[in-house]
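A.B. asks: Sharing a structure here in structure tokens format.
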Amino acid sequence: MNPNINDKDSRKIVDIIQSYAQKHSLWVLAYGTGCGAIEIPPTMTSRYDAERFGITGRPTPRMADVLLITGYLATKTLKRVIRSYEQMQSPKYVIGFGSCTINGGMYWDSYNTIKSLDHYLPVDVYINGCMPRPEAVISGFVKLQEMISNGTANGWEKYRDNLDLYRSQQKEVIKNWQMPDYNW
Ligand code: SF4
Numbered sequence: 603m604n605p606n607i608n609d610k611d612s613r614k615i616v617d618i619i620q621s622y623a624q625k626h627s628l629w630v631l632a633y634g635t636g637c638g639a640i641e642i643p644p645t646m647t648s649r650y651d652a653e654r655f656g657i658t659g660r661p662t663p664r665m666a667d668v669l670l671i672t673g674y675l676a677t678k679t680l681k682r683v684i685r686s687y688e689q690m691q692s693p694k695y696v697i698g699f700g701s702c703t704i705n706g707g708m709y710w711d712s713y714n715t716i717k718s719l720d721h722y723l724p725v726d727v728y729i730n731g732c733m734p735r736p737e738a739v740i741s742g743f744v745k746l747q748e749m750i751s752n753g754t755a756n757g758w759e760k761y762r763d764n765l766d767l768y769r770s771q772q773k774e775v776i777k778n779w780q781m782p783d784y785n786w
């Protein structure tokens, strides 16, 4: 072993290699909550070919790194989305897709949809638009990759450290809260 490399340096090297691998293998659980889901097939298939960036779909939360919320979110669906997020392994990332996840969009005064996704889950990247085109979706993923590289994609840590706050905000809109505890 090179005597000029100490423990701290070798940990730094491991972190760099790890974040490089993570950012180039983003496995996505696409939760098709709104109309934006219709942009996912062209993003993933041959025309835009998101897989060249290491982005690919996965069928279960336990296999996924990225939770993609593709539009407006009914409070009834929010409960399932929270459950799916909590089943994912850390580090994990959330992308809010479309205006509806940012401020409610055209459903801003609806009685049964949420307005701001980051009140309930830690959103790392928002992609605006109604609906965002595949170019915008890919650009959102590239932004996430940059954040993973520079260590700022840390929403999952924020969620862990502020779980009580998130829980209280989640329970304000989900009245029939009956879910297993978050198992870290
Ligand atoms: S942002 Fe527009 S396209 Fe996306 S879910 Fe809302 S209304 Fe639909």
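Anchor point for the sequence shown: position 107 equals 709 in our numbering, and the numbering is continuous, going up by one each time. Backbone N, C-alpha and C fix where the C-beta goes; we use that ideal spot for every residue, glycine too.
(1) So the candidates are Tyr728, Pro693, Asp667, Thr645; which of them puts its Cα closest to the Cα of Leu719?
(2) Among Asn756, Ser741, Cys637, which residue has its Cα nearest to the Cα of Tyr709?
(3) When DSSP labels each residue in this structure, what does Tyr728 get in the three-state scheme?
(4) How many Å lie between Glu759 and Tyr722 at the Cα?
(5) Name, in chain order, the residues that DSSP records as bridge partners for Tyr695.
(6) Alpha carbon to alpha carbon, how far is His626 from Ile618?
(7) Counting pairs of Cβ atoms below 8 Å between the stretch 735-748 and the stretch 634-648, do you hit three or more?
(8) Verify the contact flag: Tyr633, CB atom, against every heavy atom of ligand 1, threshold strictly below 6 Å.
(9) Relative to ligand 1, is the shortest distance from any of its heavy atoms to the C-beta of Tyr728 smaller than 6 Å?
(10) Check whether the Cβ of Ser701 sits closer than 6 Å to any heavy atom of ligand 1, and report yes or no.
(11) Quick check on the DSSP output: the alpha helix (DSSP H) that includes Trp779 runs from which residue to which?
(12) Taking DSSP as the reference, what is the three-state secondary structure of Ile657?
(13) Kindly indicate which three-state DSSP category Thr703 falls into: helix, strand or coil?
(14) Any chance you could list the alpha helix (DSSP H) runs of at least 4 consecutive residues sitting entirely within the stretch 729-775, in chain order?
(15) Using only alpha-carbon positions, find the residue among Tyr674, Asn778, Tyr622 that is nearest to Val731.
(16) Are the CB atoms of Asp726 and Val696 within a distance shorter than 7 Å?
(17) Tell me the rounded alpha-carbon separation between Glu774 and Gly656.
(18) Considering only DSSP beta bridges, list what Thr647 is partnered with.
(19) Cutting at 7 Å between CB atoms, please list the residues of its own chain near Arg654, excluding the five before and the five after it.
(20) To the nearest angstrom, report how far apart Leu669 and Pro693 are at their CA atoms.
C.D. replies: Taking the structure as given:
(1) Translated into the one-based positions of the sequence shown, residue 719 becomes position 117. Its Cα nearest to that of Leu719, the residue Tyr728 stands out among Tyr728, Pro693, Asp667, Thr645.
(2) Taking the sequence shown and counting its residues from 1, one reaches residue 709 at position 107. Out of Asn756, Ser741, Cys637, the CA that lies nearest to the CA of Tyr709 is found in Cys637.
(3) Looking up residue 728 in the sequence shown gives position 126. Strand, per DSSP.
(4) On the sequence shown, residue 759 is found 157 positions in, with the first residue counted as 1. On the sequence shown, residue 722 is found 120 positions in, with the first residue counted as 1. So the two alpha carbons sit approximately 14 Å from each other.
(5) Position 93 of the sequence shown, counting from 1, holds the residue named residue 695. BP columns for Tyr695 point to Val668.
(6) As a working mapping, residue 626 is identified with position 24 in the sequence shown. As a working mapping, residue 618 is identified with position 16 in the sequence shown. Taking the straight line joining both Cα atoms gives about 12 Å.
(7) yes
(8) For the purposes of this step, residue 633 is taken as the residue at position 31 of the sequence shown. Checking the Cβ of Tyr633 against ligand 1 gives no.
(9) Numbered from 1 along the sequence shown, position 126 holds the residue referred to as residue 728. Result no, Cβ not under 6 Å from ligand 1.
(10) Residue 701 sits at position 99 when you count from the first residue of the sequence shown. With a cutoff of 6 Å, Ser701 counts as near ligand 1, since its C-beta is closer than that to a heavy atom of the ligand.
(11) On the sequence shown, residue 779 is found 177 positions in, with the first residue counted as 1. From DSSP, Trp779 is part of no alpha helix (DSSP H); its letter is neither H nor E.
(12) For the purposes of this step, residue 657 is identified with residue 55 of the sequence shown, where counting begins at 1. Three-state result, Ile657: strand.
(13) By one-based count along the sequence shown, residue 703 stands at place 101. Residue state, collapsed to three classes: helix.
(14) As far as the stretch 729-775 is concerned, its whole alpha helix (DSSP H) runs of at least 4 residues are 736-752, 757-763, 765-775.
(15) The residue given as residue 731 occupies position 129 in the sequence shown. The question names Val, yet the displayed sequence has Gly at residue 731. Measuring from the Cα of Gly731, the nearest candidate turns out to be Tyr674.
(16) Reading the sequence shown from its first residue, position 94 is the one you call residue 696. Reading the sequence shown from its first residue, position 124 is the one you call residue 726. Their beta carbons are under 7 Å apart, which means Val696 touches Asp726 by this criterion.
(17) Against the sequence shown, residue 774 aligns to sequence position 172. Against the sequence shown, residue 656 aligns to sequence position 54. Going by the C-alpha atoms only, they are around 37 Å apart.
(18) Here residue 647 is taken as the residue at index 45 of the sequence shown, counted from 1. None, per the DSSP bridge assignment.
(19) Numbered from 1 along the sequence shown, position 52 holds the residue referred to as residue 654. Nothing listed; no residue qualifies.
(20) What you label residue 669 is simply residue 67 of the sequence shown in a count that begins at 1. What you label residue 693 is simply residue 91 of the sequence shown in a count that begins at 1. Near 11 Å, if we compare the C-alpha coordinates of Pro693 and Leu669.
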